[in-house]
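Visitor: Sharing a structure here in structure tokens format.
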Amino acid sequence: MIKPIVIAKTANLDPLAILPNMANRHGLITGATGTGKTVTLQKMAESFSAIGVPVFMADVKGDLSGIGASGVLSEKLQSRLASLKVDGWQANAVPVTFWDVYGEQGHPVRATVASLGALLISRLLGLNDVQTGVLQIVFKVASDKNLLLLDLNDLKAVVRYVGENANDIKINYGNVSMASIGAIQRGLLTLEEQGGDQFFGEPMLAINDLMRINEEGRGIVNILAADKLYNSPTLYSTFLLWLLSSLYDTLPEVGDLEKPKLVFFFDEAHLLFTNANNALLEKIEQIVRLIRSKGVGVYFVTQNPLDVPDRVLGQLGNRVQHALRAFSPRDQKAVKAAAQTMRANPDFDAEEAITALGVGEALISFLEEKGTPAIVQRAMIIAPCSRMGALTKEERNTLINHSFLYGKYEERVDRISAFEKLSENKEVPNSSPSGVNTTTKPGTTNEDGGLLQVIKEFLFGRTGPRGGQYDGIVQKTSKRMTTKLINQILNALLGGKRRK
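Start counting the sequence shown at 29; every next residue gets the next number (the working numbering).
Written as structure tokens, this is what we have:
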């Protein structure tokens, strides 16, 4: 059996630990700015790595990158460790892989437009329900016509195609509002201006690359450089939600394991739920509820427990509550809510304790062996063995360049997709919603856009998009010859009558 992961110690020096077999029951780290959430996250991440569990986390402020370097045993830290009777502390770097949507501070991380789907793209574009419905039609048309949606150019091309052919498309797919098409196009323009186009494309991130273990049996900690990405909050939260969805869709069912296959830390979690519609909230709730059976533990990190909806909050078993400030009625409500969601300890009032906690101190309740929350305890977080502070640019670049994955994602791949096909000005075959081509008869060859088809139409004519017939040169020549012959016959007959 794997030893429990000790995270903190009480005033009585009792250790508080996460049970590895309960780590997939998710968790919550909350507290006001400057109370120690980042250190707690770092301590948890390096502890999971030590038992062979890969980790993914976003680095919003840049200071989590220090986990990739050894810590420094300062006098202050030495005194802290001595007061907690921590034995065996040894400065140690954690194996890391850096990622960056913009490709500046880590390996480029990309996804295809199709992999996000209409629901997440509509969130990125800030669409309402009607506009989202039109975007779903765009995705369906692309699927039925085999138009690959890989990057934003592909999506823009198909949106334009749907707008230009709205009258024909609405017969099979439903009404297409030009106002909604315009809203989608404006949203795509805004997303491009925010640099979102760099996120879409290939090669797409392979989920297995987040779940690696090094030769020493330690889990790789994947760090997303999010200091720039965080300036686009919707893109930041949507990317992390896409990643969670991909894990959920890709990984097999494994049930309860002795330790998780991956632990996922969602920093600034309030962004995930801000302006989320009911459909998206249901999707988030479903993922959190079911992904634990895939061996993934999800830990939300935010300032206020009220940032997380109740239906999600109830599924977060392992909790660390740092200090909250109760200056406003909403703050007081948050303090009360935080205290009420933990199993009460008769030795102290949790609501009062939350406002009196010092830096690095927290109220902690982890799950017990049977899955029930332990009685909440007041404790001090044990300092990480890795560096508490950011790496230098040179240190980061060295780790990136020596990464096992270096070279796999650095070069963008641009294969033929919707944009290229629609840019060739070829007629796109009409398709029914089921994807069956309705323009090619059985037993014939689809020659749309080919030289043979052009010659055929020139000679024998063609059928227009609305069913009208257009004559070719054969028909026109035949008609002229027939007209000339009829005129000659009529002239002969009429001329004979005149002579009589």
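Every residue gets a Cβ at the ideal spot worked out from N, C-alpha and C, and that includes glycine.
Could you spell out the range, first to last residue, of the alpha helix (DSSP H) harbouring Arg339?
Guide: Segment 338-341, the alpha helix (DSSP H) holding Arg339.
Visitor: Using three-state DSSP, classify His350 as helix, strand or coil.
Guide: Coil at His350, not helix or strand.
Visitor: Give every residue of the same chain whose Cβ lies closer than 8 Å to the Cβ of Gly62, excluding the five residues on either side of it in the sequence, and list them in chain order.
Guide: Same-chain partners within the cutoff: Val387.
Visitor: With Leu56 and Arg347 assumed to form a contact (beta carbons below 8 Å), what rounded beta-carbon distance in angstroms separates them?
Guide: At roughly 5 Å, the Cβ-Cβ gap stays under 8 Å, so Leu56 and Arg347 are in contact.
Visitor: Spell out the partners DSSP gives Pro136 in its beta bridges.
Guide: The partner list for Pro136 (beta bridge, DSSP) reads Asp128.
Visitor: If you reduce the DSSP assignment to three classes, tell me which class Gln530 lands in.
Guide: For residue 530 there is no data in the structure shown, the boundaries of the chain being 29 and 528.
Visitor: Which full runs of the alpha helix (DSSP H) of 4+ residues lie inside the segment 397-430, going along the chain?
Guide: Counting only runs of 4 or more, we get 421-429.
Visitor: Can you tell me which of the three DSSP states Tyr437 falls into?
Guide: Of the three classes helix, strand and coil, the one that applies to Tyr437 here is coil, per DSSP.
Visitor: Count the other CB atoms within 10 Å of the CB of Thr160; is the residue buried (16 or more) or exposed (fewer)?
Guide: The residue in question, Thr160, is buried, as its Cβ has 16 or more Cβ neighbours within 10 Å.
Visitor: With a 10 Å radius around its C-beta and 16 neighbouring C-beta atoms as the bar for buried, classify Phe167 as buried or exposed.
Guide: It counts as buried.
Visitor: Using only the alpha-carbon positions, how far apart do Tyr276 and Ser102 sit?
Guide: The straight-line gap from Cα to Cα measures roughly 42 Å.
Visitor: Would you identify the three-state DSSP class for Gly94, choosing helix, strand or coil?
Guide: Three-state DSSP puts Gly94 in a helix.
Visitor: Could you give the C-beta distance for Ala60 and Ala407, rounded to a whole number, given that I count them as a contact under 8 Å?
Guide: That pair is no contact at about 18 Å.
Visitor: Let me know if Lys287 comes out buried or exposed under the rule of 16 or more other beta-carbons within 10 Å of its beta-carbon.
Guide: Label assigned to Lys287: buried.
Visitor: So is Glu296 buried or exposed if we call it buried at 16+ other beta carbons inside 10 Å?
Guide: That one is buried.
Visitor: So what does DSSP say about Thr38, is it helix, strand or coil?
Guide: Here Thr38 sits in strand by DSSP.
Visitor: Buried or exposed: Pro123, going by 16 or more other Cβ atoms within 10 Å of its Cβ?
Guide: So Pro123 ends up on the buried side.
Visitor: Rounded to the nearest angstrom, what separates Pro261 and Glu221 at their Cα positions?
Guide: The alpha-carbon atoms of Pro261 and Glu221 are separated by roughly 14 Å.
Visitor: Do Ala362 and Pro337 have their C-beta atoms within less than 8 Å of each other?
Guide: Not closer than 8 Å, so no.
Visitor: Determine the DSSP secondary structure at Ala45, reduced to helix, strand or coil.
Guide: Strand.
Visitor: Considering only the beta carbon of each residue, do Leu92 and Ala411 sit closer than 8 Å?
Guide: The answer is no: Cβ separation not under 8 Å.
Visitor: CB-CB under 8 Å to Leu341, same chain, minus the five flanking residues each way: which ones, in chain order?
Guide: Excluding positions up to five away in sequence, the list reads Leu56, Pro333, Thr369.
Visitor: Excluding the five sequence neighbours on either side, which residues of its own chain have a C-beta within less than 6 Å of the C-beta of Gly463, listed in chain order?
Guide: Only weak support is given to the placement of Gly463: the predicted model assigns it a pLDDT of 45, under 50, and the value that follows is read from those uncertain coordinates. If we look at Gly463 and ignore the five residues flanking it on each side, its Cβ neighbours are Asp172.
Visitor: According to the Cβ coordinates, are His298 and Thr266 closer than 8 Å?
Guide: Cβ atoms of His298 and Thr266: not closer than 8 Å.
Visitor: Where does Asn174 sit, in a helix, a strand or coil, going by DSSP?
Guide: Three-state result, Asn174: coil.
Visitor: Mind checking who Val324 pairs with in its DSSP beta bridge?
Guide: Answer is Leu290, bridged to Val324.
Visitor: Would you check if the distance between the CB atom of Ala86 and the CB atom of Leu268 is smaller than 8 Å?
Guide: Yes, the pair counts as a contact, with Cβ atoms nearer than the cut-off.
Visitor: On the three-state DSSP scale, how would you describe Thr160?
Guide: Of the three classes helix, strand and coil, the one that applies to Thr160 here is helix, per DSSP.
Visitor: Ends of the alpha helix (DSSP H) at Thr266?
Guide: Thr266 -> alpha helix (DSSP H) spans 261-278.
Visitor: Less than 8 Å between the C-beta atoms of Gly215 and Leu153, yes or no?
Guide: Taking 8 Å as the Cβ cut-off, Gly215 and Leu153 qualify as a contacting pair.
Visitor: Can you tell me the Cα-Cα spacing of Ser451 and Leu155, whole angstroms?
Guide: If you take the alpha carbons of Ser451 and Leu155, they lie about 26 Å apart.
Visitor: Any idea which residues DSSP pairs Phe84 with across the strands?
Guide: Answer by DSSP bridge pairing, in chain order: Asn250, Phe292.
Visitor: For Leu238, I'd like the list of residues in its chain whose CB is within less than 7 Å of its CB, leaving aside the five on either flank, ordered along the chain.
Guide: Only Pro82, Phe84, Asn250, Leu290 meet the Cβ criterion.
Visitor: With a Cβ-Cβ cutoff of 8 Å, do Ala25 and Val100 count as a contact?
Guide: Residue 25 lies beyond the range of the chain shown here (29 to 528); nothing can be said about it.
Visitor: Taking the straight line between their C-alpha atoms, what separation do you get for Asp255 and Leu263?
Guide: Their Cα atoms are separated by approximately 13 Å.
Visitor: With DSSP as the reference, label Thr20 as helix, strand or coil.
Guide: Lying outside 29 to 528, the shown extent of the chain, residue 20 is not represented and no answer is given.
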